[in-house]
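**Student:** The structure is given below, and queries will be raised subsequently.
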Amino acid sequence: MRIEGLRVAGETELLHGVSLAVGAGEAVGLVGESGSGKSLTLRAVMGLLPRGLRVTGGTVEVDGRAAMIFQDPLTFLDPLVRVGDQVAEVCRVVAGLSRRASRVRALELFADVRLDDRAVLARRYPHQLSGGQRQRVLLALALAQEPDLLLCDEPTTALDVTVQREVLDLLASLRAERGLSLVFVSHDLAVVAQLCDRVVVLRDGEVVEAGATRDVVARPHHPYTRRLLDAVLPLPALAGGRDG
Amino acid sequence: MADGLELTGVSVAYAGRRVVDDVSLQVRPGTIVGLVGESGSGKTTLARAVVGTVGLAGGTVHLDGTPLARRRSRTERRAVQLVQQDPYASLNPLLTVGRVLDELLRVHRLAERRIASDTAGAPDAGAWRRARCAELMGLVGLEADTLGRYPRQLSGGQRQRVAIARALAVEPRILVADEPTSALDVTVQRTVLDVLVGLSARVGLGVLLISHDLSVIHAACDDVAVLREGRIVEHAPAARFFTHPSDPYSRRLLQAVPRLPERAP
Ligand SMILES: Nc1ncnc2c1ncn2[C@@H]1O[C@H](COP(=O)(O)OP(=O)(O)O)[C@@H](O)[C@H]1O
Ligand SMILES: Nc1ncnc2c1ncn2[C@@H]1O[C@H](COP(=O)(O)OP(=O)(O)O)[C@@H](O)[C@H]1O
Ligand SMILES: [Mg+2]
Ligand SMILES: [Mg+2]
């Protein structure tokens, strides 16, 4: 995917020429405080801008198909339809599968996103699932669209830290298994650093810094990036290490 | 029994289901105790038990050695104050910050009490309240002109500091802060935490800081208690907890926290 000089405006201009490129199989982080324009950037790529906003300049090119997941799955899932049926429906439309084949495919996708007790879960309604389960269902819905590029808008922000870790690990392995490209949006640089090789820093609708995550974290150039880094509250190293 | 807040074997049940189970912990004046746990572990319920908005299925809550009953006197309610996650929901949108604080001081007759106990030449109550409002803004690191503002004119971090000032207005011994930074951008979390740390040191407030976020707990707390499914699984000094947790669940929580790669010094 390549975004070049993207401008989005409503009554005033909100994105002032955002550029961002994602190579095949690459994971790029998009960070910035709330209101910096992260969601609008992803929505513009999907053609899902809120009413009253439009693209006023620049270009967006996507090789292949893009799908998106959101912070709050409940606003996206249909509360009145069993989650298995929602995923099956997308399989029918996108892959042209029969009713029966699409049900089987939905269960396969539930396996891909590491949902346990799949047959039982598939019959539940969204409100009957935990936050982590809902996010996995949303991910299965996205995968049902057979995307080459997955746009992730703060998908772990509302989750508990252990569940967040599982979802981040899941995204990393889906990327490795399927060669998916990822754009991962977060206000938290520490979360982005878990997953992304490159990071783009957005402030007030403008890119202020971009580069390899390792370099940006070690040697931030822009004062705003430094502020974001300073905001990450540090924890001392755990004796015995990560997996000890 | 010692000074401060002391919970002994506290349990709370909703419709017969125990969501807080046999919890004991102490918050001494001038210290911050962190209570960490995943969502649904019972943190908010425990906070409500401490401030007396939910009844106990067992156990006791003592303040400075005196047991607190479910029905609390006004003085007892003043002594233990709660700050919640969403300050917007708890601030009246139609009143300025100054008006809210002034009203509180008036209702609790705090000026009159102070002036009565003050032997030096007493100012009038209105002047005392105005001075106290300005002092409260200073305590939470806000400009005095914030008193003239309405909640919608404030940022999230400013609103949360106003909520803390409001709790402080009634001169509590203990402040229970339930996820006070969870609705805030990471860049303003620290200012709110710094306010809590400063208050515990300067006015000897005891703080029970509740959060699902271990870095928030680490930034502010002297002691840490880990709540899992309503039970405390570990309770340790912060200095030991973050490097040498003794409980496997605590360890799993700490391992899951995203950390930045090394930064250049
Ligand atoms: N529907 C809308 N109408 C007008 N302004 C909007 C709309 N949606 C978002 N904005 C504004 O665009 C800016 C960027 O918003 P957004 O992309 O949602 O930020 P982020 O995701 O980084 O928090 C903000 O200032 C926001 O107020
Ligand atoms: N008013 C209530 N009635 C019934 N169950 C409740 C009520 N409030 C909370 N619960 C349940 O009690 C448990 C603990 O909730 P809570 O104290 O809010 O946890 P936390 O603050 O750690 O997320 C949860 O299972 C929750 O669903
Ligand atoms: Mg957003
Ligand atoms: Mg809670």
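The listed protein sequences derive, respectively, from chains C and X.
Be aware that the first sequence starts at 1, since it is given in the working numbering, and climbs by one per residue.
Be aware that the second sequence starts at 1001, since it is given in the working numbering, and climbs by one per residue.
Backbone N, C-alpha and C define an ideal beta-carbon position, used for all residues, glycine too.
Could you pull the DSSP bridge partners for T1060(X) from this structure?
**Tutor:** Sequence index remark: in the second sequence, residue 1060(X) carries index 60 (1-based). T1008(X), per the DSSP bridge assignment.
**Student:** Note down, in chain order, each residue of its chain lying with its Cβ closer than 7 Å to the Cβ of R1149(X), except the 5 sequence neighbours on either side.
**Tutor:** The sequence position of residue 1149(X) within the second sequence is 149, counting from 1. Closer than 7 Å at Cβ, skipping near neighbours: T1096 and V1097.
**Student:** Would the beta-carbon of K38(C) be found less than 6 Å away from any heavy atom of ligand 1?
**Tutor:** Along the first sequence, read from residue 1 onward, the residue named residue 38(C) stands at position 38. Yes, Cβ of K38(C) sits closer than 6 Å to a heavy atom of ligand 1.
**Student:** Let me know if Y224(C) comes out buried or exposed under the rule of 16 or more other beta-carbons within 10 Å of its beta-carbon.
**Tutor:** Position 224 of the first sequence, counted from the first residue, corresponds to residue 224(C). Buried.
**Student:** Give me the subset of the region 1234 to 1263 of chain X whose CB atoms are less than 8 Å from a CB atom of chain C, sorted by chain position.
**Tutor:** F1242, T1243, H1244, P1245, R1251, R1252, L1253, L1254, Q1255, A1256, V1257, P1258, R1259, L1260, P1261, E1262 and R1263
**Student:** Can you look up S98(C) in the DSSP assignment and give me helix, strand or coil?
**Tutor:** If you number the first sequence from 1, residue 98(C) lands on position 98. The answer is coil: DSSP assigns S98(C) none of H, G, I, E or B.
**Student:** What whole-angstrom Cβ distance do L1254(X) and L238(C) have, given they're in contact under 8 Å?
**Tutor:** What you label residue 1254(X) is simply residue 254 of the second sequence in a count that begins at 1. What you label residue 238(C) is simply residue 238 of the first sequence in a count that begins at 1. Going by Cβ atoms, the distance from L1254(X) to L238(C) rounds to 5 Å, so yes, they are a contact pair.
**Student:** For a test of the three-state rule: what should DSSP assign to L1147(X), helix, strand or coil?
**Tutor:** Sequence index remark: in the second sequence, residue 1147(X) carries index 147 (1-based). Three-state result, L1147(X): helix.
**Student:** Taking the alpha-carbon positions, what's the V1216(X) to L1208(X) distance?
**Tutor:** As a first step, residue 1216(X) is located in the second sequence; it is residue number 216 there, counting from the start. As a first step, residue 1208(X) is located in the second sequence; it is residue number 208 there, counting from the start. In a straight line, the C-alpha of V1216(X) is about 13 Å away from that of L1208(X).
**Student:** Around the C-beta of G1034(X), are 16 or more other C-beta atoms found within 10 angstroms, so that it is buried, or is it exposed?
**Tutor:** For the purposes of this step, residue 1034(X) is taken as the residue at position 34 of the second sequence. It counts as buried.
**Student:** What's the C-alpha gap between A1089(X) and R1159(X)?
**Tutor:** Working through the second sequence from its first residue, we reach residue 1089(X) at position 89. Working through the second sequence from its first residue, we reach residue 1159(X) at position 159. Using only the alpha carbons, I get a separation of about 10 Å.
**Student:** List the residues of chain C whose Cβ lies closer than 8 Å to the Cβ of A1219(X), in chain order.
**Tutor:** Locating residue 1219(X) in the second sequence gives position 219, where the first residue counts as 1. Neighbours of A1219(X) in chain C, taken as residues whose beta carbon is under 8 Å from its own, are L233 in chain order.
**Student:** If you measure from the CB of T1044(X), is any heavy atom of ligand 4 nearer than 6 Å?
**Tutor:** Reading the second sequence from its first residue, position 44 is the one you call residue 1044(X). Yes - ligand 4 has a heavy atom lying nearer than 6 Å to the Cβ of T1044(X).
**Student:** Please go through the region 13 to 91 of chain C and give each complete beta strand (DSSP E) segment of 3 or more residues, from N-terminal end onward.
**Tutor:** 13 to 21, 27 to 31, 54 to 61 and 66 to 69
**Student:** What residue range is occupied by the uninterrupted beta strand (DSSP E) comprising R1231(X)?
**Tutor:** Position 231 of the second sequence, counted from the first residue, corresponds to residue 1231(X). R1231 to P1237 is the span of the beta strand (DSSP E), which, as asked, contains R1231(X).
**Student:** Do V55(C) and V94(C) count as a contact pair if the criterion is CB distance below 7 Å?
**Tutor:** For the purposes of this step, residue 94(C) is identified with residue 94 of the first sequence, where counting begins at 1. For the purposes of this step, residue 55(C) is identified with residue 55 of the first sequence, where counting begins at 1. Against a cut-off of 7 Å, the Cβ pair of V55(C) and V94(C) comes out as no contact.
**Student:** So which residues of chain C does A1190(X) contact, with C-beta pairs closer than 9 Å?
**Tutor:** Position 190 of the second sequence holds residue 1190(X). First, the residue type needs correcting, since residue 1190(X) is Arg and not Ala in the sequence shown. Result: D230, A231 and L233.
**Student:** In chain X, which residues lie less than 9 Å from A193(C) when you measure between Cβ atoms?
**Tutor:** Within the first sequence, the letter at position 193 stands for residue 193(C). Here the neighbours are P1258, R1259, L1260 and P1261.
**Student:** Does chain X have any CB closer than 7 Å to the CB of A101(C)?
**Tutor:** By 1-based counting over the first sequence, the position of residue 101(C) is 101. Not closer than 7 Å to any Cβ of chain X, the Cβ of A101(C) fails to qualify, so no.
**Student:** Keeping to the same chain, check which residues put their C-beta closer than 6 Å to that of L20(C); ignore five residues upstream and five downstream.
**Tutor:** Residue numbering aside, residue 20(C) sits at position 20 when the first sequence is read from its first letter. These residues qualify, in order along the chain: I3 and V200.
**Student:** Using a Cβ-Cβ cutoff of less than 7 Å, which residues in the same chain neighbour T1191(X) once the five nearest sequence positions on both sides are dropped?
**Tutor:** As a position in the second sequence, residue 1191(X) is number 191, starting the count at 1. Contacts found: G1141 and G1157.
**Student:** Buried or exposed: R198(C), going by 16 or more other Cβ atoms within 10 Å of its Cβ?
**Tutor:** Here residue 198(C) corresponds to residue number 198 of the first sequence, with the count starting at 1. By the neighbour-count rule (16 or more Cβ atoms within 10 Å), R198(C) is buried.
**Student:** Give me the Cα-Cα distance between G244(C) and R1129(X), rounded to the nearest whole angstrom.
**Tutor:** Working through the first sequence from its first residue, we reach residue 244(C) at position 244. Working through the second sequence from its first residue, we reach residue 1129(X) at position 129. Caution is warranted here: a pLDDT of 40 is assigned to G244(C), below 50, making its placement in the model unreliable, and the coordinate value is therefore given only provisionally. Their backbone Cα atoms lie some 56 Å apart in a straight line.
**Student:** Are V28(C) and C196(C) touching if we call contact CB-CB under 7 Å?
**Tutor:** For the purposes of this step, residue 28(C) is taken as residue 28 along the first sequence, with counting starting at 1. For the purposes of this step, residue 196(C) is taken as residue 196 along the first sequence, with counting starting at 1. In this structure, C196(C) lies closer than 7 Å to V28(C) by Cβ.
**Student:** Answer with yes or no whether the minimum CB distance from P73(C) to chain X is below 7 Å.
**Tutor:** The count along the first sequence starts at 1 and reaches residue 73(C) at position 73. No, because no Cβ of chain X sits closer than 7 Å to the Cβ of P73(C).
**Student:** May I ask you to list the residues that DSSP assigns as paired with G1034(X)?
**Tutor:** Translated into positions along the second sequence, residue 1034(X) becomes position 34. Per DSSP, L1209(X) and V1224(X).
**Student:** By alpha-carbon positions, which one of A88(C), P50(C), T12(C) and G25(C) ends up nearest to A172(C)?
**Tutor:** Start at 1 with the first residue of the first sequence, and residue 172(C) comes out as number 172. It is G25(C) whose Cα lies nearest to the Cα of A172(C).
**Student:** Enumerate in chain order the residues of its own chain whose CB-to-CB distance from E166(C) is below 7 Å, with the five nearest sequence positions on each side excluded.
**Tutor:** Here residue 166(C) refers to the residue found at position 166 of the first sequence. Around E166(C): G132.
**Student:** In angstroms, rounded to a whole number, what distance separates the CA positions of I1032(X) and D1222(X)?
**Tutor:** Counted from its first residue, the second sequence places residue 1032(X) at position 32. Counted from its first residue, the second sequence places residue 1222(X) at position 222. Each residue's Cα considered, the two are about 5 Å apart.
**Student:** Decide if A144(C) is buried, meaning its Cβ has at least 16 other Cβ atoms within 10 Å, or exposed.
**Tutor:** Against the first sequence, residue 144(C) aligns to sequence position 144. That one is buried.
**Student:** Pop quiz: Q1081(X) and A1183(X) are said to be a contact at Cβ under 8 Å. What is the actual Cβ separation, rounded to whole angstroms?
**Tutor:** Within the second sequence, numbered from 1, the residue matching residue 1081(X) stands at position 81. Within the second sequence, numbered from 1, the residue matching residue 1183(X) stands at position 183. A1183(X) and Q1081(X) do not touch by the CB rule: their CB atoms are close to 19 Å apart, not below 8 Å.
**Student:** Answer with buried or exposed for Q128(C), where buried requires no fewer than 16 other C-beta atoms within 10 angstroms of its C-beta.
**Tutor:** As a working note, residue 128(C) is residue 128 in the first sequence. Exposed, by the Cβ-count rule.
**Student:** Leaving out the 5 sequence neighbours to the left and right, which residues in its chain are closer than 8 Å to Q1085(X) when beta-carbon positions are compared?
**Tutor:** Working through the second sequence from its first residue, we reach residue 1085(X) at position 85. Within the same chain, Q1085(X) has close Cβ partners D1178, E1179, P1180, S1182 and A1183.
**Student:** What residue range is occupied by the uninterrupted alpha helix (DSSP H) comprising S173(C)?
**Tutor:** Indexing the first sequence from 1 puts residue 173(C) at position 173. Where S173(C) is concerned, the enclosing alpha helix (DSSP H) stretches over V161 to R178.
**Student:** Which residues in the same chain as R1252(X) place their Cβ atom closer than 7 Å to its Cβ, once the five residues preceding and following it in sequence are excluded?
**Tutor:** Taking the second sequence and counting its residues from 1, one reaches residue 1252(X) at position 252. Hits under 7 Å: none found.
**Student:** Suppose the cutoff is 7 Å on Cβ atoms and the five residues either side in sequence are ignored; what does the same chain contact list for L1104(X) look like?
**Tutor:** Position 104 of the second sequence, counted from the start, is the residue given in the question as residue 1104(X). Cβ neighbours of L1104(X) beyond the five flanking positions: R1166, A1169 and V1170.
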